[in-house]
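Just below is one structure, and these are the notes that go with it.
2 protein chains.
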Amino acid sequence: MSTTQTNQIEILKSPTTKINEVDFENLSFGSVFTDHLFECDFKNGEWQKPIIKPYAPFLLDPSSRVFHYGQAIFEGMKAYKDTQETVWLFRPDENYKRFNKSAVRMAMPEVPEEIFMNGLNQLLQLDEAWIKKGSGNAMYIRPFMIATGKGVIANPSNEYKFMIILSPVTSYYAGEVKVLIAEHFSRAANGGIGAAKAAGNYAAQFYPTNLANEAGFQQVIWTDDATHTKLEEAGTMNVFFVINNVLLTAPVSERILDGVTRKTLIDLATSENINVEVRPVLVSDLVEAAKNGTLQEIFGAGTAAVVSQISGFSYQDIYYELPKIDNSVAAHLKNKLTNIQNKLEEDKFGWTVKV
Amino acid sequence: MSTTQTNQIEILKSPTTKINEVDFENLSFGSVFTDHLFECDFKNGEWQKPIIKPYAPFLLDPSSRVFHYGQAIFEGMKAYKDTQETVWLFRPDENYKRFNKSAVRMAMPEVPEEIFMNGLNQLLQLDEAWIKKGSGNAMYIRPFMIATGKGVIANPSNEYKFMIILSPVTSYYAGEVKVLIAEHFSRAANGGIGAAKAAGNYAAQFYPTNLANEAGFQQVIWTDDATHTKLEEAGTMNVFFVINNVLLTAPVSERILDGVTRKTLIDLATSENINVEVRPVLVSDLVEAAKNGTLQEIFGAGTAAVVSQISGFSYQDIYYELPKIDNSVAAHLKNKLTNIQNKLEEDKFGWTVKV
Ligand SMILES: Cc1ncc(COP(=O)(O)O)c(C=O)c1O
Ligand SMILES: Cc1ncc(COP(=O)(O)O)c(C=O)c1O
Chain A
8 MSTTQTNQIE ILKSPTTKIN EVDFENLSFG SVFTDHLFEC DFKNGEWQKP IIKPYAPFLL
68 DPSSRVFHYG QAIFEGMKAY KDTQETVWLF RPDENYKRFN KSAVRMAMPE VPEEIFMNGL
128 NQLLQLDEAW IKKGSGNAMY IRPFMIATGK GVIANPSNEY KFMIILSPVT SYYAGEVKVL
188 IAEHFSRAAN GGIGAAKAAG NYAAQFYPTN LANEAGFQQV IWTDDATHTK LEEAGTMNVF
248 FVINNVLLTA PVSERILDGV TRKTLIDLAT SENINVEVRP VLVSDLVEAA KNGTLQEIFG
308 AGTAAVVSQI SGFSYQDIYY ELPKIDNSVA AHLKNKLTNI QNKLEEDKFG WTVKV
Chain B
8 MSTTQTNQIE ILKSPTTKIN EVDFENLSFG SVFTDHLFEC DFKNGEWQKP IIKPYAPFLL
68 DPSSRVFHYG QAIFEGMKAY KDTQETVWLF RPDENYKRFN KSAVRMAMPE VPEEIFMNGL
128 NQLLQLDEAW IKKGSGNAMY IRPFMIATGK GVIANPSNEY KFMIILSPVT SYYAGEVKVL
188 IAEHFSRAAN GGIGAAKAAG NYAAQFYPTN LANEAGFQQV IWTDDATHTK LEEAGTMNVF
248 FVINNVLLTA PVSERILDGV TRKTLIDLAT SENINVEVRP VLVSDLVEAA KNGTLQEIFG
308 AGTAAVVSQI SGFSYQDIYY ELPKIDNSVA AHLKNKLTNI QNKLEEDKFG WTVKV
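Chains as they are written, first to last, in the numbering used here: chain A, 8 to 362; chain B, 8 to 362.
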């Protein structure tokens, strides 16, 4: 990080802090924000001077493109504080690259690396007191970009706002997770935007997820929209299956988000000599394995939930309960991953980056 | 419209007007807004007191759900002033119903009819001077709803803002329109949100449309995402084809928006004894008809562009030019439709509603 570039960020410090009002033991995910935010506007074809300033609402015109045509993308990443009070990011380059991949797909300008990375680092340094050490604690980081250009005509905006906001989180315990395999609804089209972290992809899932919730399921596992035969991913997690001691997950595609946790777990499992296969996993594979007793585990993987074990799934109105397992692959990989993230174990992959 | 309900709208009049700064002869579509807007917030499970107030930017928290998860829907409709200075809406009930259909699909609250209709009527009355009579002139009306609840967690918001903004427009002349038939990209998934007027559907089309623009095409005609064999719709228009003197258009589905102009043209054509067939139209039908000389017309239909004639299409790198036709079905239907909308011809269908 060059000092000159770092110095280019204007810093407007908040005269007060909200930190004493926060109960860090009882945080509801994504609901509390730190004292500052990072902001950089794009206009006249270029990125303007970035600023760090007090977290506060901002003004938008009612005709702003983001409201009408949905040009909006985001990332989700975490920072961790180790026992020495040093702050670490986990594979931030992956989030940065994916952010710009999303930007391209949504016809938005790419954010230069120094704006993204310096903004992130300086913001984390300024609000460092908000990052708590200890198992499960982390700073959830939300970089996002919205179209701020005015006018209700369906074409790309020429003005954008890139922001980073920070939300301290504790470990995310979802309770028992039963899933429904999607038979009608879907989250992504072939040739669509499923591989982008575009805001519109999430709202599309709310209604079918509400229906699943009402039926007693916490999550939906989406299938390919054309045939509903391939298992793809969950709301904000990629999915893994353990069948016959093989760890299986679908290849990423233009319908599936290329999750950082997913690729990390694949590498971790491989390095642990776990048999990993990345190949299309069919609903029929899963049902058959459940029936013949070879299905051992299903789990979701993502930055927010880390690794989330699934207790059973429903397909065509039949509920398949998973066996209770003592030494699960999920728990083993979760432990490895969080140890590396929290600097409790050597990071031989070079995934952790000091802030 | 009951007086009591009407009176429930608080009206905050703008002390000044921007109307004298507007060049009504040279309006760029959707870029100029009237003096007022209508607003109604949803919180604590209910719609709050509606207000009409000066058009102005408003404050949103950086963590507002609309920015992160894309809960945002809209409608597009027009009001027309006849030679007697009376203002008319065209089938507003259809837009109202579709708005709430979109709301349900995006897990947003439905807007009560009196809030939508009274808001619309009173706003149009207040800014009536902005509605110009004469061919092509209209007031474009943009009702929209966004999720304003705070928090970066991917589930439905519990707070929303419903707004109506008004933009005076003149006839929308797109110039020559050549289209590209989509072979890879697509706008909607089976079981997705294509039939909803959800903001995210539009941003998804910008990148592939930019690619088409660069190749010399103004619009893309989307095909079904699974096979790319069925012709579906264009960016903000449904599409019609005239082959062998038969007017063809695809049936609406969960991938295709149920356009008001589309259903209106179907009824108009039928009442004019034009042979209409609503059935899947295959890319191969179109190519074959172009080759054997039976393809007469292609046109788009939507509120913004009304009826937009297409001069040719490209598929698999071959460009098919359409014949120049004197008495086109497109021009005939457009004329009928705009005459009814502008009260120059009897509205035997009861589509026009006085404001
Ligand atoms: C749709 C979707 N799939 C998968 C993931 C998991 O990705 P990651 O591990 O990078 O957080 C996320 C969350 O970011 C997501 O939104
Ligand atoms: C995707 C899409 N298809 C078709 C249409 C045409 O619908 P309508 O005739 O109701 O304006 C629109 C515009 O509203 C649209 O956005």
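We put the CB at the ideal spot given by N, CA and C, even for glycine.
All values reported here derive from a predicted model rather than from experimental measurement.
Closer than 7 Å at the beta carbon, the chain B residues around residue i
i: tyrosine 76 (chain A); result: Ala206, Tyr209, Ala210
i: tyrosine 167 (chain A); result: Within 7 Å Cβ-Cβ: nothing; tyrosine 167 (chain A) doesn't reach chain B, min ~12 Å.
i: serine 174 (chain A); result: Val159
i: methionine 170 (chain A); result: Pro69
For residue i, the nearest candidate out of the options (CA to CA)
i: threonine 41 (chain A); options: A:Gln78, A:Gln323, A:Ile16, A:Pro175; result: A:Pro175
i: methionine 124 (chain A); options: A:Ala136, A:Tyr103, A:Glu117, A:Pro61; result: A:Tyr103
i: alanine 308 (chain B); options: B:Leu275, B:Thr243, B:Val360, B:Lys298; result: B:Thr243
i: phenylalanine 81 (chain B); options: B:Ala189, B:Val294, B:Ala205; result: B:Ala205
i: valine 97 (chain B); options: B:Leu302, B:Tyr147, B:Leu238; result: Note on identity: in this sequence residue 97 (chain B) is phenylalanine, with valine being the wrong assignment. Phenylalanine 97 (chain B) has its Cα closest to that of B:Tyr147, out of B:Leu302, B:Tyr147, B:Leu238.
i: asparagine 245 (chain B); options: B:Ile317, B:Phe106, B:Leu302, B:Glu183; result: B:Ile317
i: isoleucine 58 (chain B); options: B:Val29, B:Phe31, B:Leu19, B:Trp95; result: B:Leu19
i: valine 159 (chain B); options: B:Ser71, B:Ile281, B:Leu302; result: B:Ser71
i: isoleucine 254 (chain A); options: A:Ala337, A:Asp134, A:Ala161, A:Asp354; result: Sequence check: residue 254 (chain A) is leucine here, not isoleucine. Closest by alpha carbon: A:Ala337.
i: valine 360 (chain B); options: B:Val94, B:Ala114, B:Ala154, B:Gln15; result: B:Val94
i: glutamate 121 (chain A); options: A:Lys355, A:Met115, A:Pro99, A:Thr236; result: A:Pro99
i: lysine 56 (chain A); options: A:Val285, A:Gly143, A:Ile16; result: A:Ile16
i: tryptophan 54 (chain B); options: B:Thr24, B:Pro119, B:Ser193; result: B:Pro119
i: aspartate 324 (chain A); options: A:Asp274, A:Ala233, A:Glu190; result: A:Glu190
i: valine 186 (chain B); options: B:Phe224, B:Val259, B:Pro258; result: B:Phe224
i: threonine 24 (chain B); options: B:Val39, B:Ser35, B:Glu32; result: B:Val39
i: serine 164 (chain A); options: A:Gly300, A:Asp30, A:Phe106, A:Met113; result: A:Met113
i: leucine 302 (chain A); options: A:Pro116, A:Phe36, A:Val290; result: A:Val290
i: threonine 177 (chain B); options: B:Glu353, B:Lys343, B:Ser35, B:Phe306; result: B:Ser35
i: valine 294 (chain A); options: A:Leu238, A:Ala196, A:Ala63, A:Tyr214; result: A:Leu238
i: arginine 194 (chain B); options: B:Thr90, B:Phe213, B:Tyr179, B:Gly182; result: B:Phe213
i: glutamine 226 (chain A); options: A:Asp89, A:Phe106, A:Phe192; result: A:Phe192
i: phenylalanine 320 (chain A); options: A:Leu173, A:Trp358, A:Trp229, A:Glu32; result: A:Trp229
i: arginine 269 (chain A); options: A:Ala296, A:Pro258, A:Ala63; result: A:Pro258
i: glutamate 91 (chain B); options: B:Pro61, B:Ser315, B:Lys139; result: The sequence shown places glutamine at residue 91 (chain B), rather than the glutamate named in the question. Taking only the C-alpha atoms, the option nearest glutamine 91 (chain B) is B:Lys139.
i: histidine 339 (chain A); options: A:Leu131, A:Lys350, A:Val313, A:Phe356; result: A:Val313
Listed by chain order, chain A residues near residue i by CB distance under 7 Å
i: alanine 79 (chain B); result: Phe74, Gly77
i: serine 193 (chain B); result: Ala196, Asn197, Gly198, Gly199
i: alanine 145 (chain B); result: What alanine 145 (chain B) touches in chain A: nothing, since even the nearest Cβ is about 14 Å away.
Contact list for residue i against chain B, beta-carbon separation under 9 Å
i: asparagine 107 (chain A); result: Those within 9 Å of asparagine 107 (chain A) in chain B number zero; the least Cβ separation is about 13 Å.
Under 9 Å from the C-beta of residue i: neighbouring residues of chain A
i: leucine 67 (chain B); result: Pro64, Phe65, Leu66, Leu67
i: serine 151 (chain B); result: Checking the displayed sequence, the identity of residue 151 (chain B) turns out to be phenylalanine instead of serine. Correct list: Pro69, Phe74, His75, Val159.
Contact set between residue i and chain B, taken where Cβ atoms lie within less than 8 Å
i: asparagine 217 (chain A); result: Ala114, Pro163
i: tyrosine 103 (chain A); result: Those within 8 Å of tyrosine 103 (chain A) in chain B number zero; the least Cβ separation is about 18 Å.
i: valine 290 (chain A); result: Here the premise fails: no neighbours, minimum Cβ distance about 14 Å.
i: valine 111 (chain A); result: Tyr214
i: aspartate 232 (chain A); result: Ala196, Asn197, Gly198, Gly199, Asp232, Ala233
Proximal residues of chain A, C-beta to C-beta of residue i below 8 Å
i: glycine 242 (chain B); result: Ala161
**Prompt:** Contact between the stretch 192–205 of chain B and the stretch 259–274 of chain B: three or more CB pairs below 8 Å?
**Reply:** yes
**the stretch 323–337 of chain B in contact with the stretch 59–69 of chain B per 3-pair CB rule at 8 Å** = No: the two stretches stay apart, fewer than three of their Cβ pairs being nearer than 8 Å.
**Asked** If contact means a Cβ-Cβ distance below 7 Å, which residues of the stretch 29–43 of chain A contact chain B?
**Response** Residues of the stretch 29–43 of chain A with a C-beta atom less than 7 Å from some C-beta of chain B are Phe36, Gly37, Ser38, Phe40, listed in chain order.
**Message:** If contact is defined by three or more beta carbon pairs under 8 Å, each pair taking one atom from either stretch, is the stretch 157–169 of chain A in contact with the stretch 42–59 of chain A?
**Reply:** yes
**Asked** Given a limit of 8 Å on CB to CB distance, which residues of the stretch 258–282 of chain B reach chain A?
**Response** none
**Message:** I'd like the ranges of any alpha helix (DSSP H) spanning at least 4 consecutive residues and lying wholly in the stretch 295–348 of chain A.
**Reply:** 336–348
**Prompt:** Is the stretch 77–95 of chain B in contact with the stretch 219–239 of chain A, if contact means three or more CB pairs nearer than 8 Å?
**Reply:** These segments do not touch.
**Asked** Any residues in the stretch 295–325 of chain A with a beta carbon nearer than 7 Å to a beta carbon of chain B? Which ones, in chain order?
**Response** none
**beta strand (DSSP E) runs contained entirely in the stretch 8–75 of chain A, provided each spans 3 or more residues** = 43–50, 58–61, 65–67
**Prompt:** Enumerated in chain order, which unbroken segments of the beta strand (DSSP E) with a length of 3 residues or greater are wholly contained in the stretch 234–265 of chain B?
**Reply:** 245–250, 253–256
**Message:** Short of 7 Å Cβ to Cβ, which residues in the stretch 333–344 of chain A face chain B?
**Reply:** none
**Request:** State whether the stretch 234–243 of chain B contacts the stretch 137–156 of chain B, with contact taken as three or more CB pairs (one from each stretch) at a distance under 8 Å.
**Result:** no
**Residue ranges of each beta strand (DSSP E) within the stretch 135–164 of chain B, 3 or longer** = 145–154
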